[in-house]
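Visitor: Mind having a look at this structure? Questions to follow.
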Amino acid sequence: MKILVTGGAGYIGSVAVEQLISAGESVVVLDNLCQGHRQAVHPQATLVVAELENRQAIDEVMTTHRPDAVMHFASHTLVGESMQQPFRYLGTNVVNGLNLLQSMAEHGVRRFILSSTANLFDQPERMPIDETERIVPGSPYGESKYMLERLLPWLEKIYGMRYAMLRYFNAAGATPERGEDHNPELHLIPIVLGVALGQRESVTIFGEDYPTPDGTCVRDYIHVSDLARAHILALAALEKESRVYNLGNGRGYSVRQVIETARRLTGHAIPALMGSRRAGDPAVLVGSSRKIERELGWRPQFDSIESIVESAWRWHQRFPKGYQG
Ligand code: UDP
Numbered sequence: 011m012k013i014l015v016t017g018g019a020g021y022i023g024s025v026a027v028e029q030l031i032s033a034g035e036s037v038v039v040l041d042n043l044c045q046g047h048r049q050a051v052h053p054q055a056t057l058v059v060a061e062l063e064n065r066q067a068i069d070e071v072m073t074t075h076r077p078d079a080v081m082h083f084a085s086h087t088l089v090g091e092s093m094q095q096p097f098r099y100l101g102t103n104v105v106n107g108l109n110l111l112q113s114m115a116e117h118g119v120r121r122f123i124l125s126s127t128a129n130l131f132d133q134p135e136r137m138p139i140d141e142t143e144r145i146v147p148g149s150p151y152g153e154s155k156y157m158l159e160r161l162l163p164w165l166e167k168i169y170g171m172r173y174a175m176l177r178y179f180n181a182a183g184a185t186p187e188r189g190e191d192h193n194p195e196l197h198l199i200p201i202v203l204g205v206a207l208g209q210r211e212s213v214t215i216f217g218e219d220y221p222t223p224d225g226t227c228v229r230d231y232i233h234v235s236d237l238a239r240a241h242i243l244a245l246a247a248l249e250k251e252s253r254v255y256n257l258g259n260g261r262g263y264s265v266r267q268v269i270e271t272a273r274r275l276t277g278h279a280i281p282a283l284m285g286s287r288r289a290g291d292p293a294v295l296v297g298s299s300r301k302i303e304r305e306l307g308w309r310p311q312f313d314s315i316e317s318i319v320e321s322a323w324r325w326h327q328r329f330p331k332g333y334q335g
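Quick note on numbering: the sequence shown equals residues 11 to 335 in the working numbering.
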């Protein structure tokens, strides 16, 4: 099969590309490299540098490469930023997704996998959160993903376009070659490991007055390789029907527990300062992946926070300057 991967130079997309290539698929990456890295793109993938704002550029990729399926990772993805710059999300994320979907519809591409998010579940009634949970987006970021999710059943009905919506909890960890490298870095695990590498003085904990056992936010960290594998399985499963899955480990760890784990693994004291809450952050987000386990036999191979942070630590030690190093 030929797969078009938008955002294939980014953190999760580049690992999905790595796995698609290992599985013998042919891959075209469409990325504007504003957050992604050329070096993150697997050498056997074809990289097209273009903007999803540019319908003509997307159409050209469709006619030149004739993909059988699209995995759409390219997106602005920061909850906090989306509370400051909502139109980057409610505007750009949505319009870019629409451009891609419209081009797919017009070029007869009938398989679509959407990177969606646990930020759809801002007021969960049950924990861990499964696919029956009420959707209440927690930010313009979550709303932008929900807007795209809502288009998909229509496109299935009208064009026969099958879709998988994959709602990620907290992506983390690294493969030996590919890891997390954002600029600026705002995610907890790479920040904590940056302190361990001596690149930062300390980590600031965003709020210690949440209704959780130690007062800090609880998240479900899921390894990027496990996430990527779910895409490969979901793509094959589209042959039968469209899919909606939550992707987490089913266990939550507090910000303090993550920092403690990194202290143990790195042997560094990792000073932590107390800060105020970050807008848009719910207290607890833990996902249930029972459905994808049951239907597709997916199980996380990295099922402990230690193994996840350890894989990231190896990558950050190997590439202390990230992809620039
Ligand atoms: N966090 C923190 N300090 C930081 C970065 C993140 O305390 O410097 C917290 C954040 O409030 C959240 C958790 O760590 O509860 C995970 O945040 P991250 O940005 O890694 O992922 P998100 O949950 O936003 O997808």
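Using N, Cα and C, we set each Cβ at its ideal position, and we do this for glycine too.
Does the beta-carbon distance from H241 to Q29 come in below 9 angstroms?
Guide: If you number the sequence shown from 1, residue 241 lands on position 231. If you number the sequence shown from 1, residue 29 lands on position 19. In contact: H241 and Q29 (Cβ atoms closer than 9 angstroms).
Visitor: How about V202 and I280: are their beta carbons less than 9 angstroms apart?
Guide: As a working mapping, residue 202 is identified with position 192 in the sequence shown. As a working mapping, residue 280 is identified with position 270 in the sequence shown. Yes, these two residues count as a Cβ contact at 9 angstroms.
Visitor: Buried or exposed: which applies to D219, given that a residue is buried once 16 or more other Cβ atoms fall within 10 Å of its Cβ?
Guide: In the sequence shown, counting from the first residue as 1, residue 219 sits at position 209. The residue in question, D219, is exposed, as its Cβ has fewer than 16 Cβ neighbours within 10 Å.
Visitor: Hey, V1 and G23: beta-carbon distance below 9 angstroms or not?
Guide: Because the chain here runs from 11 to 335, residue 1 falls outside it and cannot be looked at.
Visitor: List in chain order the residues whose CB is within less than 6 angstroms of at least one heavy atom of the ligand UDP.
Guide: Cβ-based neighbours of the ligand UDP within the cut-off: V89, N180, L196, H197, L198, I201, V213, T214, I215, F216, C227, R229, V265, R288 and D291.
Visitor: Excluding the 5 residues preceding and the 5 following A282 in the sequence, name in chain order all residues of the same chain whose CB lies nearer than 8 angstroms to its CB.
Guide: In the sequence shown, the residue the question calls residue 282 occupies position 272. Once the five neighbours on either side are set aside, the close Cβ partners of A282 are S212, V213, T214, I215, R266 and I269.
Visitor: Express the C-alpha separation of E70 and L108 in angstroms, rounding to a whole number.
Guide: Sequence index remark: in the sequence shown, residue 108 carries index 98 (1-based). Sequence index remark: in the sequence shown, residue 70 carries index 60 (1-based). Distance between the alpha carbons of L108 and E70: 16 angstroms.
Visitor: Taking 9 angstroms as the cut-off, decide whether the C-beta atoms of Y343 and I318 are in contact.
Guide: The chain is shown only over 11 to 335; residue 343 falls outside these bounds and no answer can be derived.
Visitor: Does the Cβ of P147 have 16 or more other Cβ atoms within 10 Å, making it buried, or fewer, making it exposed?
Guide: Position 137 of the sequence shown, counted from the start, is the residue given in the question as residue 147. That one is buried.
Visitor: Thinking C-beta only, is Y263 closer than 9 angstroms to T276?
Guide: Your numbering for residue 276 matches position 266 in the sequence shown. Your numbering for residue 263 matches position 253 in the sequence shown. It is not a contact, given that the beta carbons lie outside the stated cut-off.
Visitor: Okay, do the segment 80-90 and the segment 144-158 touch, 3+ Cβ pairs below 8 angstroms being the bar?
Guide: Yes: the two stretches touch, three or more of their Cβ pairs being nearer than 8 angstroms.
Visitor: Would you check if there are 3 or more beta carbon pairs closer than 8 angstroms linking the segment 39-59 to the segment 13-22?
Guide: Taking 8 angstroms as the limit for Cβ pairs, the verdict is that the segment 13-22 does touch the segment 39-59.
Visitor: How big is the Cα-Cα spacing for S126 and N106?
Guide: In the sequence shown, counting from the first residue as 1, residue 126 sits at position 116. In the sequence shown, counting from the first residue as 1, residue 106 sits at position 96. Approximately 14 angstroms, taken between the alpha carbons.
Visitor: Can you tell me the Cα-Cα spacing of P163 and G34, whole angstroms?
Guide: Residue mapping note: residue 163 aligns to position 153 of the sequence shown, counting from 1. Residue mapping note: residue 34 aligns to position 24 of the sequence shown, counting from 1. Cα to Cα, P163 sits roughly 30 angstroms from G34.
Visitor: Check for me: the alpha helix (DSSP H) holding T127 runs from which residue to which?
Guide: In the sequence shown, counting from the first residue as 1, residue 127 sits at position 117. Here T127 belongs to no alpha helix (DSSP H); instead the beta strand (DSSP E) covers R121 to T127.
Visitor: Could you pull the start and end residues of the beta strand (DSSP E) that R172 belongs to?
Guide: Taking the sequence shown and counting its residues from 1, the one referred to as residue 172 is at position 162. Segment R172 to Y178, the beta strand (DSSP E) holding R172.
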